[in-house]
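Number 241 in UniProt numbering belongs to position 241 of the sequence shown; there are no gaps in the numbering.
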Amino acid sequence: MPSLSEETKGRIDHLEPGSVIGIVGGGQLGRMMALSARYHGFRIGVLDPTPDAPAAQVADFQETADYDDLDAIKRLADRSDVLTYEFENVDADALDQVRDRVAIPQGTDLLRVTQDRVHEKTFINRHGIDTAPWKQVDGLEQLDSALKELGMPAVLKTRTGGYDGHGQAVLRTKEDLQALQARMKGRDFPPSVLEGFVDFAFEASILVSGNGKDYVTFPMVRNEHRHNILHMTLAPAQVEPEMADRARDMALTLADGFKLAGTLALELFVMSDGGLVVNELAPRPHNSGHYTIEACSMDQFDAHVRGIAGWPLPNPRLLSPAVMVNVLGQHVAPVRRLLGEHPEWYLHDYGKAEVRTDRKMGHLTVLTDDLEQTAKDLEATGCWSDLG
Ligand code: AMP
Numbered sequence: 001m002p003s004l005s006e007e008t009k010g011r012i013d014h015l016e017p018g019s020v021i022g023i024v025g026g027g028q029l030g031r032m033m034a035l036s037a038r039y040h041g042f043r044i045g046v047l048d049p050t051p052d053a054p055a056a057q058v059a060d061f062q063e064t065a066d067y068d069d070l071d072a073i074k075r076l077a078d079r080s081d082v083l084t085y086e087f088e089n090v091d092a093d094a095l096d097q098v099r100d101r102v103a104i105p106q107g108t109d110l111l112r113v114t115q116d117r118v119h120e121k122t123f124i125n126r127h128g129i130d131t132a133p134w135k136q137v138d139g140l141e142q143l144d145s146a147l148k149e150l151g152m153p154a155v156l157k158t159r160t161g162g163y164d165g166h167g168q169a170v171l172r173t174k175e176d177l178q179a180l181q182a183r184m185k186g187r188d189f190p191p192s193v194l195e196g197f198v199d200f201a202f203e204a205s206i207l208v209s210g211n212g213k214d215y216v217t218f219p220m221v222r223n224e225h226r227h228n229i230l231h232m233t234l235a236p237a238q239v240e241p242e243m244a245d246r247a248r249d250m251a252l253t254l255a256d257g258f259k260l261a262g263t264l265a266l267e268l269f270v271m272s273d274g275g276l277v278v279n280e281l282a283p284r285p286h287n288s289g290h291y292t293i294e295a296c297s298m299d300q301f302d303a304h305v306r307g308i309a310g311w312p313l314p315n316p317r318l319l320s321p322a323v324m325v326n327v328l329g330q331h332v333a334p335v336r337r338l339l340g341e342h343p344e345w346y347l348h349d350y351g352k353a354e355v356r357t358d359r360k361m362g363h364l365t366v367l368t369d370d371l372e373q374t375a376k377d378l379e380a381t382g383c384w385s386d387l388g
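In structure tokens form, the structure reads like this:
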């Protein structure tokens with residue numbers, strides 16, 4: 001596992017307004033980061049292969065190239081004072097090669113840990129925090145012995161590259177295992193982990209942000225997924241204060257372990273006996289934190305920008321409970337049709353040219369005193385009826 005000892009060298013004490021923040025990745029997270037960076041007075045550059053990417057629409061310049069194109073990363077680094085990223089599957093080695101050209105306050109070990117499930121779970125467990133029981137699995141024989149140990153059902157996940165449920169297989173029965181064995185015949189078995197199936201009561205998450213020295217947390221929220229994609233976030237999660245405190249302590253422990261600069265998300269499983277299990281980490285602002293834009297005194301993107309800029313971080317206060325719902329490709333038309341009837345909908349559109357089914361096109365947030373009722377009211381509009 002990467003050591004974190006070198007990680008403070010890319011930090012800066014206080015980035016002056018007018019400085020340039022380069023963002024690797026030009027999607028919606030980069031866009032909302034860029035909007036925050038903009039009003040703090042920073043200039044923004046974006047690296048993304050798609051011309052006029054969502055973040056580039058609100059940035060000063062775009063390097064149009066693949067995320068792992070070293071020459072393009074060097075060009076972005078040379079034009080920036082600070083480099084950050086909007087997703088975890090960035091080539092950490094490529095970023096290391098430009099560390100003499102530009103500050104990378106988040107470091108690259110945070111990336112190396114969070115983009116590999118074995119490193120990530122080892123890191124989490126080493127800090128005394130629970131994950132699902134897991135075993136490293138590099139071939140079919142190891143899968144057999146891991147299954148004997150963990151039992152079925154179990155979830156097989158690739159070590160790297162998975163997101164939103166991609167690169168996963170749930171093994172519930174012998175037949176599932178046989179089907180997987182047949183699929184893998186003659187193919188290379190990807191480095192994987194096998195996780196015990198967690199019979200959670202619900203899914204939750206918590207965000208923590210840091211500037212390398214001090215760390216602040218956002219409220220624990222409840223998440224509803226549909227077809228492995230986040231559908232809705234209810235903020236705050238209706239849990240005992242003791243549980244919220246435990247989630248907060250876990251977030252602060254991991255933030256300190258990383259000497260975190262920027263925003264980190266912990267995805268959690270909440271057990272019916274009150275246990276909290278970390279599913280995975282995201283070293284960046286997170287879809288479940290979009291509600292913070294309207295509902296908190298400082299949002300997750302501001303916290304990210306302030307954190308990487310070495311600015312002090314105020315404690316984010318929840319100003320109002322809120323419900324956030326994603327607008328996927330198939331929801332764009334119905335949501336737009338109903339927008340005129342819903343002044344309470346704070347709609348964010350990511351500016352993506354191509355509308356595709358299941359593609360995250362935007363989200364909307366509603367501030368409310370009754371989370372359950374608001375969630376029901378949103379479902380009752382029928383805009384999300386395809387999700388069941
Ligand atoms: P992930 O790609 O790890 O974020 O997983 C995507 C979704 O699959 C999660 O949000 C859960 O709903 C489900 N899931 C993942 N791992 C497990 C597990 N070990 N047990 C039960 N459900 C899981």
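C-beta atoms are modelled at their ideal positions from N, C-alpha and C, and glycine is treated no differently.
For residue j and residue i, the rounded distance between their alpha carbons
i           : j           : result
residue 394 : residue 24  : Residue 394 lies beyond the residue range present for the chain, which begins at 1 and ends at 388; the question has no answer from this structure.
residue 144 : residue 180 : 12 Å
residue 194 : residue 161 : 15 Å
residue 445 : residue 93  : Residue 445 falls outside the range modelled here, since the chain spans only 1 to 388, and no answer is possible.
residue 343 : residue 366 : 10 Å
residue 319 : residue 346 : 15 Å
residue 330 : residue 101 : 43 Å
residue 202 : residue 66  : 37 Å
residue 302 : residue 54  : 18 Å
residue 260 : residue 114 : 13 Å
residue 31  : residue 316 : 21 Å
residue 388 : residue 376 : 13 Å
residue 264 : residue 246 : 17 Å
residue 296 : residue 29  : 17 Å
residue 103 : residue 69  : 19 Å
residue 270 : residue 278 : 9 Å
residue 327 : residue 77  : 33 Å
residue 4   : residue 383 : Any reading at residue 4 is ruled out, since the residue's pLDDT is 45, under 50, leaving its predicted position unreliable.
residue 63  : residue 72  : 7 Å
6 Å Cβ shell around residue i - same chain, five flanking residues per side excluded
i           : result
residue 257 : 127
residue 251 : 206, 208, 217, 266
residue 233 : 221, 223, 288, 291, 324
residue 116 : 159, 160
Beta-carbon proximity list for residue i, same chain, < 8 Å, skipping 5 on both sides
i           : result
residue 20  : 42, 43, 44, 45, 60, 79, 80, 81, 82
residue 121 : 131, 134, 193
residue 13  : 310
Cβ-heavy atom distance, residue i to ligand 1, below 6 Å
i           : result
residue 327 : no
residue 198 : yes
residue 193 : no
residue 228 : yes
residue 201 : no
residue 279 : yes
residue 225 : yes
residue 113 : no
residue 204 : no
residue 132 : yes
residue 82  : no
residue 155 : yes
Close-in-space but distant-in-sequence residues of the same chain around residue i (CB under 7 Å, 5 per side omitted)
i           : result
residue 370 : none
residue 368 : 321, 322, 323, 374
residue 308 : 82, 84, 105, 106, 261, 262
Proximity test, Cβ basis, 7 Å: residue i and chain B
i           : result
residue 273 : Absent from the structure: chain B. Only one protein chain is present.
* To do: For the region 245-300, list the alpha helix (DSSP H) runs that are entirely contained and at least 4 residues long, ordered along the chain.
  => 292-295
* Asked: Enumerated in chain order, which unbroken segments of the alpha helix (DSSP H) with a length of 4 residues or greater are wholly contained in the region 154-211?
  -> 174-184
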